[in-house]
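>
In the numbering used here, the protein residues as written are 118 to 668.
Structure follows, in structure tokens:
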């Protein structure tokens, strides 16, 4: 992301504390943006630290190269973290398979390719590594692993800020912490109080404590110390709630079944098997994986971008499923051991004077044993054949999975968002470079202090590539300002000119893709401009006015 690179470069060149106090007047004109308090600094700190260490080691690397290759590097660390977590939950074989899956699955490579410089490139590694350390701490009970887990939590917090203690959606975690302390107190009171006294005391404290906590949370929310639930969180529980600015983002749309298969392929059909194995052989760490999977499936189904959260646990459970299948069909069968009775036959003959009837019985016994051995050999032959078929089918599915991942990554997730590509009917590849050329034109042919008005999708690109001031950008932090731009786009020439004059606009950037058949142009987004503007200016902009009688 261009903004993240721009912010990282500013921090590297000016220092961390100037970065925290940086007021960027070139975005959200004329409001500006206080960058230091409105970003999660984990990404910038990680890149800046790597740049500093390399410079100390006399390895001259530009910060741009670090930003470009940061996501692929951390994706390798994510593979290791996934292996370690799966190994703790199930087995080494399952861990190896899960690591192979997450190394190539499109649901993760979409955010881990070179040039994808965003929080998700590092956050997934921090998430999986913290999960591994937590499971390790639970299994061993070691204070060392618990301490390392807390440090990993601290690093992960840099990607979410202080939301766990300042937003309503994170208060449940604080509630769990309070319940754990209440449970510890209850266990202590059980040893010093009678059961009757403890029951009355516990019920009284429970009612008073629950009411007090509820009032405190409501009071903190009322005075603004704890922020209310964000619109994105509301939309997870009720998709009809989403305000237009949230619903207009493609990543916030409902997911389709095709998207599940496109990003996960065969894993979407095999991870329920791994989930069943975890439930069948449940323990403390597998309870965590089960909850992770169930919650991940729900949230991914209501928001496309949360597929990234579901993908790691799908790889873990699919690794468990394939590992169990291969273990059952690749294990070496124990050879049939000779029965003890056969070894003692000669001794019995020497010690016991056999009669003809005894010899006949022994002959019948050996004949039955010979027939049974032949039957076992036939059964083993059928078993080996079935195992070979299962192994071949499994390997074929894995090969198809690899080919699918390679195709999806190369065709859908490897092209930059600014330079597009397309294929002619004869297979010739065409490069669509209009975005980059347009930003280059703005950079070379407009004054340095020019103000560019465009829809918010292009704000980061204009600021990062054309180095010009924009009115709105992809941060979407100010709905009213975006609505004002949408109002200007949806109004007639006279009214639009008046709005642009008030905003001191010099140039307007409009994307039209009709000649190329590009479906992501501003005409395709026009109704979203109208809907967002209607939310802030319902007296002047009405969505119904932009429809004809036939739609």
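By construction, the Cβ of each residue, glycine as well, lies at the ideal position given by its N, Cα and C atoms.
Could you pull out every residue in the same chain whose Cβ sits closer than 7 Å to the Cβ of residue 541, ignoring the five residues on either side in sequence?
547
> Which residues mark the beginning and the end of the beta strand (DSSP E) in which residue 653 is found?
Per DSSP, residue 653 belongs to no beta strand (DSSP E); it is in the alpha helix (DSSP H), 643-653.
> What does the Cβ neighbour count give for residue 430, buried or exposed, with the cut at 16 atoms within 10 Å?
buried
> Should the segment 637-647 be called in touch with the segment 598-618, which here means at least 3 C-beta pairs below 8 Å?
Yes: the two stretches touch, three or more of their Cβ pairs being nearer than 8 Å.
> Does the Cβ-Cβ distance between residue 521 and residue 614 come in under 7 Å?
no
> Per the DSSP calculation, residue 390 is bridged to which residue(s)?
Answer is none; residue 390 lacks a bridge partner.
> If I follow the unbroken beta strand (DSSP E) through residue 201, where does it start and stop?
Where residue 201 is concerned, there is no enclosing beta strand (DSSP E), although the alpha helix (DSSP H) it sits in stretches over 180-206.
> Start and end of the beta strand (DSSP E) containing residue 547?
546-549
> Helix or strand or just coil, what does DSSP make of residue 469?
Confidence at residue 469 is low in this model, with a pLDDT of 42, below 50, so its placement is unreliable and the value that follows should be read with caution. Residue 469: coil per DSSP, three-state reduction.
> Taking the alpha carbon of residue 166 as the point to measure from, which residue in 511, 297, 135, 129 has its own alpha carbon closest?
129
> Could you compute how far the alpha carbon of residue 439 sits from the alpha carbon of residue 214?
8 Å
> Of the residues 537, 414, 244, which one's Cα is nearest the Cα of residue 637?
537
> Spatial neighbours of residue 376 within its chain, please: CB distance less than 8 Å, with the 5 preceding and 5 following residues excluded, ordered by chain position.
So the qualifying residues of the chain are 421, 424.
> Rounded to whole angstroms, what's the CA-CA distance from residue 295 to residue 203? Just pull it up for me.
Distance between the alpha carbons of residue 295 and residue 203: 30 Å.
> On a Cα-Cα basis, can you pick out the residue from 242, 626, 146 that is closest to residue 193?
Closest by C-alpha distance to residue 193, out of 242, 626, 146, is 242.
> Can you tell me whether residue 626 is buried or exposed? The criterion is at least 16 other CB atoms within 10 Å of its CB, across all chains shown.
buried
> Count the other CB atoms, across all protein chains shown, that sit within 10 Å of the CB of residue 524; report buried if there are 16 or more and exposed otherwise.
Exposed, by the Cβ-count rule.
> Going by DSSP in three states, residue 246 sits in which element: helix, strand or coil?
helix
> Would you tell me roughly how many angstroms separate the C-alpha atoms of residue 360 and residue 222, rounded to the nearest one?
32 Å
> Have a look at residue 411 and residue 385 and give me their C-alpha separation to the nearest angstrom.
So the alpha carbons of these two residues sit roughly 13 Å apart.
> Quick one, are the C-beta atoms of residue 161 and residue 195 less than 7 Å apart?
no
> Per DSSP, which one or two residues make a beta bridge with residue 540?
Secondary-structure assignment with DSSP links residue 540 through a beta bridge to 546.
> Beta-carbon separation of residue 139 and residue 437 under 7 Å?
no
> With 16 other CB atoms within 10 Å as the buried threshold, where does residue 517 fall?
Label assigned to residue 517: exposed.
> What is the residue span of the alpha helix (DSSP H) that residue 219 lies within?
209-221
> Straight-line CA distance for residue 653 to residue 372?
28 Å
> With a cut-off of 8 Å on the beta carbons, I'd call residue 586 and residue 568 a contact; round off their distance for me.
5 Å
> Determine, using beta carbons only, whether residue 446 and residue 509 come nearer to each other than 7 Å.
The answer is no: Cβ separation not under 7 Å.
> Specify, as a first and last residue, the run of the alpha helix (DSSP H) that residue 604 falls within.
596-607
> Quick check on the burial criterion: 16 or more other C-beta atoms within 10 angstroms. Buried or exposed for residue 564?
exposed
> Can you have a look at residue 369 and say buried or exposed, based on whether 16 or more other CB atoms are within 10 angstroms of its CB?
buried
> What number of angstroms, rounded off, separates the C-alpha of residue 185 from the C-alpha of residue 379?
25 Å
> Just to confirm the assignment, what range does the alpha helix (DSSP H) spanning residue 376 have?
374-381
> Excluding the 5 residues flanking residue 465 on each side, which residues of the same chain have their C-beta closer than 7 Å to its C-beta?
Reliability of the predicted coordinates at residue 465 is poor, the pLDDT of 47 falling under 50, and the value obtained from them is presented with this limitation in mind. None.
> What whole-angstrom Cβ distance do residue 159 and residue 239 have, given they're in contact under 8 Å?
7 Å
> By a C-beta neighbour count over all protein chains shown, 10 Å radius and 16 as the cutoff for buried, is residue 604 buried or exposed?
buried
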